[in-house]
């Protein structure tokens, strides 16, 4: 089924690494929202509804949306909150515009690093009886997934290494001086220091608008939502085949069907995937029908997914370059929107007309989403 | 008749008690889900997406505890996301499910959740963590003293007495005695309430909701699906949310943005829901109300905000007259309400579910005769984020 009203992205702000300590979290969120509104050339008075996404454990609060309602402009406004994933805020915001009951939505997510141990905060999300005691954090879960992939796919490590090198090269162009993971040796075997990056504080905001609002305001730079899909894996890692990504495949099917995409490998001018590790990026190639796994090694070696290649993937440098943990998924969507809108900055790809964003989160990417954005509204 | 309406086709509520040692957290979620699916007469293949209803993780003691509920709600490889609007979560989750269907993308969506508040130790310790860590947590603030401050201001402005607060408890306990799902069902007297120990003046023990454990679920569907499959349904005709400032100090003192005695944003949310449903005179058009009121005093400003009375504060006199009893002019919380059952993750969902059962004519012993249009509300945060709905037969 299609959306009743087509949403488009008319404003974005990505603040992938915020080092300043002279602004509180509330002020940081306020700054981000104001930049997104300015990018959309509208004011908060034009916003009909707001969806925020944050993680209580990272924020150190029981209901994160409470503190944020003021900074995002939620007072006397329709505001909802989803803590499951940052990308879910985009999805809910898009659904609300698609009903025709809202003309605009502000979507905001943030991820601070003030928690004493990100790993401990993540461990709280593990089943308390079986998994928490292992101990299991997100990097451990990603490592288990990498091991599972290596077990069934020869040359996976070489392909993963090539992916990491590609994304770091992209990152050097997109952002100056990205931080490198300081640890030496495998962080969690087989994840090497070059295959991930240290958590940083970041935030992201997007403005979505209905087609009639876009027409009325004469908005020119719009990334139209052509299709979106999202799905979840079961919670227990033991119930999953970690070498596969069936939820992402399901999400991609939803998104491609809505967008009318028959051949994903040739449909997009650029793709952003959540490369929590390069193994996650490889798995996404397959689940998104960009490249079957037997071709991983060849395609990563020949630069098919590098700048100038067949389908550039993660021109932003991806999560390997900047890792504001909780909001990396929404940042992928915002990156694609910025590319379509011609506002991606140093890493802008020429003539981007169609893009795909993959957002994944949770232990070994439990939550998976696929978002198709395009320069043209739907036919 | 519009073909764009969204209907409720299945409702399930578990048994609510202080402890549910017989069910793990996912099993408790499953209990409500199975009942809702049986009520809808569908199997899980029909469910196209799931909205998970869970408020603070800390109540369950697991971060992102919705992940553990994925299989309990049958969401594997399906669209799934969670809502957390604090105490409003349940009605916000129904609203999110509504938006799924109303967007045109889905025909059938399940929303479900559960909470084990009775097993979290002390919910007030968890709820203290909703406040600013530097200024407000050390006071210490909890949701009880937060709303005790509202009660004091309401007394000052509108003449509410401790006896009036007790009357709310007496009414709702009498209603809950008719509702087999309710947690606190023992009938009490005004003297029982007045003689119960003070928790945070003027709120006494029997002015407080319990800490409940239980689950709930609802199945929503498009009008086209309901017609094509010849299903019975009631309809969500109004949906709204609105929020107040996080800072309670800005709701008190001189020229507050929203007075803490009242429920300003709840009123704004009802305005939106009423406008959407075409309700211009709620005093005459609303037949039944389930209003989220975890402490007896908050039922008054909720009735005011829903405009079931002509002006703010009139709810006190009208309640004395018995207008909000089953059999009265507009029964409020005929299920016993939040005051008798509060499993926070699904409490506001239960408000929607109970109103739906009322306008469906399926509420059992606490049925309000002739109810065809009802309203529901949920409150979250520090009396800050409000969701409302209008449900019609």
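Protein chains in written order, with my numbering: chain A, 1 to 379; chain B, 1001 to 1393.
Beta carbons: idealized from backbone N, C-alpha and C, even for Gly.
Being a predicted model, the structure only gives us computed values, none of them experimental.
query: By how many angstroms is the C-alpha of residue 94 of chain A removed from the C-alpha of residue 1370 of chain B?; result: 38 angstroms
query: Can you list, in chain order, the residues of its chain with a C-beta nearer than 7 angstroms to that of residue 1001 of chain B? Leave out the 5 residues immediately preceding and following it.; result: With a pLDDT of 36 at residue 1001 of chain B, under the threshold of 50, the modelled position of this residue cannot be trusted, and the question is left open.
query: Got a sec, what are the start and stop residues for the beta strand (DSSP E) residue 1052 of chain B sits in?; result: 1049-1053
query: For residue 367 of chain A, which three-state DSSP category applies?; result: strand
query: In the structure shown, what three-state DSSP assignment does residue 1111 of chain B receive?; result: strand
query: Just mark residue 1131 of chain B as buried or exposed, buried being the case when its beta carbon has 16 or more other beta carbons within 10 Å.; result: buried
query: When you compare each of B/1119, B/1045, B/1341 to residue 1023 of chain B by their alpha carbons, which one comes out closest?; result: B/1119
query: For residue 210 of chain A, report the span of its alpha helix (DSSP H) as first-last.; result: Segment 202-210 is the beta strand (DSSP E) holding residue 210 of chain A; no alpha helix (DSSP H) there.
query: Counting only Cβ pairs nearer than 7 angstroms, list the residues of chain A close to residue 1245 of chain B.; result: 70, 75
query: With 9 angstroms as the threshold, decide whether the Cβ of residue 1385 of chain B is near any Cβ in chain A.; result: yes
query: With a floor of 4 residues, list each alpha helix (DSSP H) that falls wholly inside the stretch 1058-1130 of chain B, ordered by position along the chain.; result: 1089-1102, 1123-1127
query: Does DSSP classify residue 309 of chain A as helix, strand or coil?; result: coil
query: Rank B/1112, B/1177, B/1155, B/1279 by C-alpha distance to the C-alpha of residue 1025 of chain B and give the top, closest one.; result: B/1112
query: Would you grab the beta carbon distance between residue 33 of chain A and residue 1244 of chain B for me? Rounded to a whole angstrom, and I think it's under 8 angstroms.; result: Contact doesn't hold; Cβ gap of about 18 angstroms is too wide.
query: Pull up the DSSP beta-bridge partners for residue 12 of chain A, would you.; result: A/206
query: Quick one: is residue 1134 of chain B buried, meaning 16 or more other Cβ sit within 10 Å of its Cβ, or exposed?; result: exposed
query: On the criterion of 16 or more Cβ atoms from any shown chain inside 10 Å, does residue 40 of chain A qualify as buried, or is it exposed?; result: buried
query: Threshold first: 4 residues or longer. Then list the alpha helix (DSSP H) segments lying entirely within the stretch 141-190 of chain A, N to C.; result: 156-174
query: How many angstroms separate the CA atom of residue 124 of chain A from the CA atom of residue 280 of chain A?; result: 23 angstroms
query: Could you give the distance in angstroms between the alpha-carbon of residue 297 of chain A and the alpha-carbon of residue 284 of chain A?; result: 14 angstroms
query: Where do the ends of the alpha helix (DSSP H) carrying residue 1243 of chain B lie?; result: First-last for residue 1243 of chain B: 1234-1243, but that is the beta strand (DSSP E), not the alpha helix (DSSP H).
query: Give the secondary structure of residue 270 of chain A by DSSP, where H, G and I count as helix, E and B as strand, and everything else as coil.; result: strand
query: Span of the alpha helix (DSSP H) holding residue 1143 of chain B?; result: 1143-1158
query: Less than 9 angstroms between CB atoms is the rule here; does residue 1001 of chain B satisfy it with respect to chain A?; result: Residue confidence for residue 1001 of chain B is low, a pLDDT of 36 falling below 50, so the modelled location carries little weight and cannot support an answer.
query: Is any beta-carbon of chain A found at less than 9 angstroms from that of residue 1062 of chain B?; result: yes
query: Considering Cα atoms alone, identify which of A/291, A/126, A/191, A/46 is closest to residue 238 of chain A.; result: A/126
query: Can you find a CB in chain A that lies within less than 9 angstroms of the CB of residue 1094 of chain B?; result: no
query: If you draw a straight line from the C-alpha of residue 273 of chain A to the C-alpha of residue 1143 of chain B, how long is it?; result: 42 angstroms
query: Give the list of continuous beta strand (DSSP E) stretches no shorter than 3 residues that lie fully inside the stretch 1240-1321 of chain B.; result: 1288-1290
query: What residues in its chain sit with their C-beta under 8 angstroms from that of residue 1190 of chain B, if we drop five residues either side in the sequence?; result: 1163, 1166, 1167, 1170
query: Is residue 1383 of chain B helix, strand or coil when you go by DSSP?; result: coil
query: Measuring alpha carbon to alpha carbon, tell me which residue in B/1051, B/1012, B/1124 is nearest residue 1069 of chain B.; result: B/1051
query: Using CA coordinates, which residue listed in B/1293, B/1200, B/1081, B/1067 is at the minimum distance from residue 52 of chain A?; result: B/1081
query: Consult DSSP for residue 1342 of chain B and reduce its assignment to one of helix, strand or coil.; result: coil
query: When burial is assigned at 16 or more other CB atoms within 10 Å of the CB, is residue 1085 of chain B buried or exposed?; result: buried
query: Using a Cβ cut-off of 9 angstroms (strictly closer), state whether residue 1007 of chain B contacts chain A.; result: no
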